[in-house]
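Note that the UniProt record's numbering numbers the sequence shown so that position 252 is 252, with each residue one more than the last.
Glycine is no exception: its CB is placed at the ideal position from the N, C-alpha and C atoms.
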Amino acid sequence: MAWFSKKPRIAARQEPAEEQAPSRMQGLWAKCENCDEIIYRQELEKNIMVCPHCEHHHPWQARARLAGLLDPDSFEEFDKELEPQDPLGFSDSKKYKDRLKSTRKNLDENDAFISGVGRIDGTPVSVGCFVFEFMGGSMGSVVGEKVTRVFERAYELKYPAIVFSASGGARMQEGIFSLMQMAKTSAAIARFRNGNKPYVSVLLHPTTGGVAASFAWLGDIILAEPKALIGFAGPRVIEQTIRQKLPEGFQRSEFLLEHGMIDAIVPRKEMRSRLSQLLRMVG
1 MAWFSKKPRI AARQEPAEEQ APSRMQGLWA KCENCDEIIY RQELEKNIMV CPHCEHHHPW
61 QARARLAGLL DPDSFEEFDK ELEPQDPLGF SDSKKYKDRL KSTRKNLDEN DAFISGVGRI
121 DGTPVSVGCF VFEFMGGSMG SVVGEKVTRV FERAYELKYP AIVFSASGGA RMQEGIFSLM
181 QMAKTSAAIA RFRNGNKPYV SVLLHPTTGG VAASFAWLGD IILAEPKALI GFAGPRVIEQ
241 TIRQKLPEGF QRSEFLLEHG MIDAIVPRKE MRSRLSQLLR MVG
């Protein structure tokens, strides 16, 4: 027997722990990320995921956002059947195809973007919204295709276009196929502008990477929710690169508004009325 060989240890038998029944109170309460107040979850959802104590904007799911901002029963979804593939056979800690499969099962969404047409106070719009819970809202080839179709559909129907962006950027598991979506979506916007209809880009927390570096910044009107993180690289990466301390609030909505990078900061409760007003003015 080699000197470095080891005999397998016999693990002590452990009795299976009794499964604890889920508490009746589990999931009924939420803690505000900003002020640490404990909030009744139903109250938070009724307040469109805005803290009633400090007005902090918590994540709002894409379908709930579309249902809350569009006229009732006006949203018609398109391209739901599109599903991402694994062109590179990518694998890190987990195979990409397995990651996609489990994420689709958990969220009941095929990818990180929902698109279709709807109405805001009677004005028809071509609209899309990122699903940040799906792999950080990363933009792969299918997301890029669906974003492109938002503008193609708007051009054909002569509708204004609205995109709600919340993304960590390009999807690394698709490599160059993901990066190509930046040019593809930007080209679709250039064609859409020939129709003389406005594109309203709404930047949510966070909007970064290749999404921020392409169609998210190309809106005719750029709105943002309060305190949203918006930029290409994150503040920590920038600080490490330039070896300097960044200004307070760098890359937040308020900082960008002050420096002329966005047109307005619109609280969530006012978003529907503000979009309706803009569409009546320029739509």
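If you follow the alpha helix (DSSP H) that residue i is part of, which residue opens it and which one closes it?
i, result
"S141", "141-157"
"R274", "271-282"
"F138", "Checking the displayed sequence, the identity of residue 138 turns out to be Ser instead of Phe. No alpha helix (DSSP H) contains S138, which DSSP labels as neither H nor E."
So which of the options has the shortest CA-CA distance to residue i?
i, options, result
"G140", "M182, P72, I238, V266", "M182"
"Q85", "E258, D73, R104", "R104"
"R280", "R153, C129, V200", "V200"
"G137", "I114, R153, G27", "I114"
"A64", "S186, F90, K46, K94", "K46"
"P59", "P226, L28, H259", "P226"
"G68", "M49, V142, K95", "M49"
"M180", "N196, K158, G210", "G210"
"N196", "D73, D36, V282, D98", "V282"
"P206", "D73, N106, R243, G168", "G168"
"S273", "A188, G27, C35, D71", "D71"
"K80", "R268, G219, K158, V143", "V143"
"R268", "E37, G27, L28, L44", "L44"
"L218", "G260, S102, I189", "I189"
For residue i, I'd like the list of residues in its chain whose CB is within less than 6 Å of its CB, leaving aside the five on either flank, ordered along the chain.
i, result
"V117", "E76, S126"
"A264", "L223"
"M1", "Legend: pLDDT at M1 = 45, less than 50; position of this residue unreliable, value from coordinates given subsequently. Answer for M1: no residue qualifies."
"E37", "H53"
Starting from the C-beta of residue i, find all residues in its chain whose C-beta is less than 8 Å away, skip the five residues before and the five after it, and write them out in chain order.
i, result
"S276", "I120, D121, T123"
"F192", "F151, E152, A154, Y155, A161, Y199"
"I262", "L203, I222, L223, A224, I230, S253, L256"
"P247", "F255"
"Y159", "V117, P124, V125, S126, R153, K197"
"E19", "With a pLDDT of 49 at E19, under the threshold of 50, the predicted position of this residue should be treated as unreliable, though the coordinate-derived value follows. Once the five neighbours on either side are set aside, E19 has no close Cβ partner at all."
If residue i and residue j are in contact, beta carbons under 8 Å, what's the gap, nearest whole angstrom?
i, j, result
"F134", "E156", "Not confirmed; about 27 Å, so no contact."
"V163", "V147", "7 Å"
"S165", "R171", "Not quite, the Cβ-Cβ distance comes to about 15 Å (not below 8 Å), so this is no contact."
"F222", "P198", "It is worth fixing the name first, because residue 222 is Ile in this sequence and not Phe. No, I222 and P198 are not in contact; Cβ-Cβ is about 11 Å, not under 8 Å."
"S253", "A216", "Contact flag wrong, Cβ pair sits at about 13 Å."
"E145", "L66", "The Cβ separation is near 19 Å, so there is no contact."
"A30", "C129", "At roughly 22 Å, the Cβ-Cβ gap does not stay under 8 Å, so A30 and C129 are not in contact."
"Q173", "Y96", "4 Å"
"residue 344", "F78", "With the chain running from 1 to 283 in the structure shown, residue 344 is simply not present."
Mind checking which residues open and close the beta strand (DSSP E) that includes residue i?
i, result
"S74", "Run containing S74: none; DSSP gives neither H nor E here."
"V266", "Premise fails: V266 is in no beta strand (DSSP E) and is neither H nor E."
"F164", "161-167"
Which same chain residues, not among the five before or five after residue i, have their C-beta less than 7 Å away from its C-beta?
i, result
"G175", "L88"
"G231", "T208, A212, Q251"
"G234", "T208"
"W3", "Confidence in W3 is poor, its pLDDT being 45 and thus under 50, which makes the residue's placement unreliable; the coordinate value appears in the next sentence. Here the set comprises nothing."
"C32", "I39, C51, H53, C54, H56"
"S214", "M182, T185, S186"
"N34", "C51, C54, H56"
"K245", "E239"
"A112", "F130, V131, F134, M135, G137, S138, V143"
"residue 289", "There is no way to answer for residue 289, as the model of the chain reaches only from 1 to 283."
Legend entry - In chain order, each beta strand (DSSP E) run of at least 3 residues that lies wholly inside the segment 178-259: 199-207, 221-224
Inset, instruction - Kindly provide the ranges of any beta strand (DSSP E) runs that are 3 or more residues long and lie completely inside the segment 68-122, ordered along the chain. - result: 76-78, 113-120
Legend entry - Contained alpha helix (DSSP H) runs [length at least 4] in the segment 30-62, N- to C-terminal order: 41-46
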